[in-house]
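> Going by numbering that gives the first Met the number 0, 59 is the number at position 60 of the sequence shown; the sequence numbering is gapless.
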Amino acid sequence: MEISVIKIVESTSVDGPGLRTTVYSAGCGHHCKGCHNPQSWDINYGTMVQVEEIANRLLSTDEDITFSGGDPMFQMEAFAELASIIKTKSNKNIWCYTGYKIEQLLKKPKALPLLQNIDVLVDGQFELALKDENLLFRGSSNQRLIDVKKTFEKGEIVIYEPMNLLSPLLIKYKRVNN
Ligand code: SF4
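#1: Could you give the distance in angstroms between the alpha-carbon of LEU127 and the alpha-carbon of GLY33?
#2: For ligand 1, is there any heavy atom lying closer than 7 Å to the beta carbon of ASN36?
#3: Go ahead and label VAL175 buried or exposed: buried means 16 or more other beta carbons lie within 10 angstroms of its beta carbon, across all protein chains shown.
#4: Using only alpha-carbon positions, find the residue among LYS109, PHE78, VAL157 that is nearest to TYR96.
#5: Have a look at LEU120 and LYS86 and give me their C-alpha separation to the nearest angstrom.
#6: Kindly examine ligand 1 and report whether one of its heavy atoms sits closer than 7 Å to the Cβ of TRP40.
#7: Is GLY98 a contact residue of ligand 1, with contact defined as CB to any heavy atom under 7 Å?
#8: Please classify ASP63 as buried or exposed, where buried requires at least 16 other C-beta atoms within 10 Å of its C-beta.
#9: Who does TRP40 pair with in a DSSP beta bridge?
#10: By DSSP's criteria, LEU120 is part of a beta bridge. Which residues make up the other side?
#11: If you reduce the DSSP assignment to three classes, tell me which class PHE151 lands in.
#12: My guess is that ASN55 and ALA82 are in contact by the Cβ rule of under 8 Å, so how many angstroms apart are they, rounded?
#13: Could you tell me which residues DSSP pairs with TYR23 in its beta bridges?
#14: Have a look at the DSSP bridge pairing and note the partners of GLN49.
#15: Can you find the residues in the same chain that come closer than 6 Å, C-beta to C-beta, to ARG137, ignoring five residues on each side of it along the sequence?
#16: Buried or exposed, going by whether 16 or more other CB atoms sit within 10 Å of the CB of MET0?
#17: When you compare the CB positions of ALA110 and MET75, do they come within less than 8 Å of one another, or not?
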């Protein structure tokens, strides 16, 4: 399988905790007002790359991984294959951004193989009226950081604990300021 990739960026700090490697994929049908990257809506904006090739690149670093876009859920089968390879060959955690709400994705049988290999899903469309630049790792306050593994375990939506997110940042902050 192949994924239409816009770019792969190493050592990002804005797409989840720590330094991560982010795969920005092409294709998104949500068309959110105020989207910062409308050119990414077109699946042809990216370059088709074999999943194995992307996996090898991601596995060659020590960094955890984020799938972003565009919306990776527009290529959910290929991303599921990529996530499965990563999880089979490493202990890396995977974050995934999507304009869908998880409740919508849980009704799509084709989305389950990808969801089952994601650790945190940042869900929901970008809402310009709810834009808040102080939010960590999301653009508007309607978007949620969802602990996908616990959500499957408990059978209800479990929000990723902010303190889990903040603690490495706070430790770093304290180190800098002590
Ligand atoms: S889901 Fe993301 S990429 Fe798609 S239109 Fe909304 S903000 Fe843009």
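A virtual CB, placed ideally from N, CA and C, is assigned to each residue, including glycine.
Please read all numbers here as calculations on a predicted model, not as lab measurements.
Working from what's here:
#1: Here residue 127 corresponds to residue number 128 of the sequence shown, with the count starting at 1. Here residue 33 corresponds to residue number 34 of the sequence shown, with the count starting at 1. Spanning the alpha carbons of LEU127 and GLY33 requires a straight line of approximately 6 Å.
#2: The residue given as residue 36 occupies position 37 in the sequence shown. Result yes, Cβ under 7 Å from ligand 1.
#3: Along the sequence shown, one-based indexing puts residue 175 at 176. The predicted position of VAL175 is uncertain, since its pLDDT is 45 and thus under 50; a value taken from the coordinates is nonetheless stated next. Classification of VAL175: exposed, given that the 10 Å Cβ count is below 16.
#4: Start at 1 with the first residue of the sequence shown, and residue 96 comes out as number 97. Among LYS109, PHE78, VAL157, the Cα nearest to that of TYR96 is on PHE78.
#5: Position 121 of the sequence shown, counting from 1, holds the residue named residue 120. Position 87 of the sequence shown, counting from 1, holds the residue named residue 86. Rounded to whole angstroms, LEU120 to LYS86 spans 16 Å at the Cα level.
#6: The sequence position of residue 40 within the sequence shown is 41, counting from 1. At least one heavy atom of ligand 1 is found less than 7 Å from the C-beta of TRP40.
#7: The residue labelled residue 98 in the question sits at position 99 within the sequence shown. Yes, the Cβ of GLY98 comes within 7 Å of a heavy atom of ligand 1.
#8: Counted from its first residue, the sequence shown places residue 63 at position 64. Counting Cβ neighbours within 10 Å, ASP63 comes out buried, since at least 16 surround it.
#9: By 1-based counting over the sequence shown, the position of residue 40 is 41. In the DSSP assignment, TRP40 forms no beta bridge with any residue.
#10: Locating residue 120 in the sequence shown gives position 121, counting from the first residue. BP columns for LEU120 point to CYS95, ILE145.
#11: For the purposes of this step, residue 151 is taken as the residue at position 152 of the sequence shown. When secondary structure is reduced to three states using DSSP, PHE151 falls in the helix class.
#12: As a position in the sequence shown, residue 55 is number 56, starting the count at 1. As a position in the sequence shown, residue 82 is number 83, starting the count at 1. The Cβ separation is near 15 Å, so there is no contact.
#13: As a first step, residue 23 is located in the sequence shown; it is residue number 24 there, counting from the start. TYR23 pairs with LYS6, SER67.
#14: Reading the sequence shown from its first residue, position 50 is the one you call residue 49. GLU1, per the DSSP bridge assignment.
#15: Numbered from its first residue, the sequence shown carries residue 137 at position 138. Take ARG137, set aside five residues on each side of it, and the residues of its chain with a beta-carbon closer than 6 Å to its own are VAL121, in chain order.
#16: The residue you call residue 0 lines up with position 1 of the sequence shown. If you draw a 10 Å sphere on the C-beta of MET0, you find fewer than 16 other C-beta atoms in it, and that means exposed.
#17: The sequence position of residue 110 within the sequence shown is 111, counting from 1. The sequence position of residue 75 within the sequence shown is 76, counting from 1. Yes, these two residues count as a Cβ contact at 8 Å.
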